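Below: one structure, written as structure tokens.
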Amino acid sequence: MASPDHIQVVPNTGFTVWLTTFTAGAMSFVAVIGLAFSLLCAELSNRWGDSLKSASSIRLSAPTDLLEKQTSIALAILDQTKGVGSARLVGLQDKKKLLEPWLGFDFPLEAIEMPALIEIQETDVGVDYEGLRLRLSAELPSATLDNHSQWRQPIEVFAALISQLGMFTVALLVLSSLAMVSMAANAALSANIKVLRVLRLVGAFDAFIVTAFVRKFTSRVFVGSILGTFCAGIVLVLMPDFSENLGILDEVNLDLIDKIWLGTVPLIFVIISIFATRMAVKTSLKRLM
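For the numbering used here, count along the sequence shown from 1 and bump the result up by 1.
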């Protein structure tokens, strides 16, 4: 932290003060929000993919007077099929919940003649979908079997892309922070060049000047990153209230490990500030002095 011996070495006023603090806060805010959404989306995609791996469904489209009979036949077929752990008819309330993100919670679904939907849960043995599809086509031509393979693969690819995007965001923010701190340190060094030359004349070593700049810029970056992380935390806490009608983000939450990683963002920015300031000041002193 700041030392009384270094107060006059680095200017306490000027655009570099608020520029460094504001930029560190903004980047910390973006880093926390970006990483949090990457973790949430990846967790949600993995959860959906895992749930679809052992699940499938049968859709029955038939007139109302025949739909109940065909549903009973389909359930009997599933009861005789090896690898089927459970099969249940999806009720109206469950259908409303499934369609709520698109149609809203108050959509009059009762007025629509919807097809019957049977949810199937597999066992560890697995289901012979090709044989089940052939039997359904022979006994129930109106039945459509879906093992969710066309949905599961894009979700798994999406989860991998989200994770890669999160890592790319972190790398991009690290490089941007290095550039920001280096530019601010060079600007402050150039603005205070006369004081630094006088210090050189009276016997001050470069290590004294470098330490002064490192302490000043590290404290500024630390304050800015703390404020940015705090604001991002408020946004994440209030996010369920903003998304309560979406029915998607409410399903997942950050676990303790994820929160710890997000909480280390200020420490990461402090470490970046220390190394970036040291390199920038040492390089500038060799060039300007």
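Where is the CB? At the ideal position from N, CA and C, for every residue including glycine.
Given the structure is predicted, the values throughout are model-derived calculations rather than measurements.
**Cα-Cα separation, V282 to A172** = Taking the sequence shown and counting its residues from 1, the one referred to as residue 282 is at position 281. Taking the sequence shown and counting its residues from 1, the one referred to as residue 172 is at position 171. Looking at the two C-alpha atoms, the distance is approximately 23 Å.
**Message:** For V203, report the span of its alpha helix (DSSP H) as first-last.
**Reply:** Against the sequence shown, residue 203 aligns to sequence position 202. Here V203 belongs to no alpha helix (DSSP H), and DSSP marks it neither H nor E.
**Item:** CB of L61 within 9 Å of CB of L100, strictly
**Value:** The count along the sequence shown starts at 1 and reaches residue 61 at position 60. The count along the sequence shown starts at 1 and reaches residue 100 at position 99. For L61 and L100, no; Cβs fall outside 9 Å.
**Prompt:** Looking only at its own chain, which residues have a Cβ that is under 7 Å from the Cβ of M2, when we skip the five neighbours before and after it?
**Reply:** As a position in the sequence shown, residue 2 is number 1, starting the count at 1. Any reading at M2 must be qualified, since the residue scores a pLDDT of 49, below 50, and its modelled position is unreliable; no value is offered.
**Request:** Could you tell me whether the Cβ atoms of V33 and V203 are closer together than 9 Å?
**Result:** Reading the sequence shown from its first residue, position 32 is the one you call residue 33. Reading the sequence shown from its first residue, position 202 is the one you call residue 203. In this structure, V203 does not lie closer than 9 Å to V33 by Cβ.
**Message:** Is it buried or exposed, T124, if we count other Cβ atoms within 10 angstroms and call 16 or more buried?
**Reply:** Counted from its first residue, the sequence shown places residue 124 at position 123. Exposed.
**Item:** Limits of the unbroken beta strand (DSSP E) element including A112
**Value:** Numbered from its first residue, the sequence shown carries residue 112 at position 111. Counting along the chain, A112 falls outside any beta strand (DSSP E), and DSSP gives it neither H nor E.
**Item:** Unbroken stretches of the beta strand (DSSP E), 3 residues or longer, contained in the segment 126-180
**Value:** 144-147
**Residue range of the alpha helix (DSSP H) that includes S294** = In the structure as shown, the chain begins at 2 and stops at 290. Residue 294 is therefore absent and cannot be evaluated.
**Request:** From the DSSP output, in three-state form, read off G26 for me.
**Result:** By one-based count along the sequence shown, residue 26 stands at place 25. G26: helix per DSSP, three-state reduction.
**Request:** Kindly indicate which residue of K96, T21, I74 has the alpha-carbon position closest to the one of E111.
**Result:** Taking the sequence shown and counting its residues from 1, one reaches residue 111 at position 110. Residue K96 is the option with its Cα nearest to E111.
**Message:** Would A56 and I121 be called neighbours here (beta carbons separated by less than 9 Å)?
**Reply:** Position 55 of the sequence shown, counted from the start, is the residue given in the question as residue 56. Position 120 of the sequence shown, counted from the start, is the residue given in the question as residue 121. Cβ distance < 9 Å, so A56 and I121 count as in contact.
**Prompt:** Taking DSSP as the reference, what is the three-state secondary structure of V85?
**Reply:** As a working mapping, residue 85 is identified with position 84 in the sequence shown. Here V85 sits in strand by DSSP.
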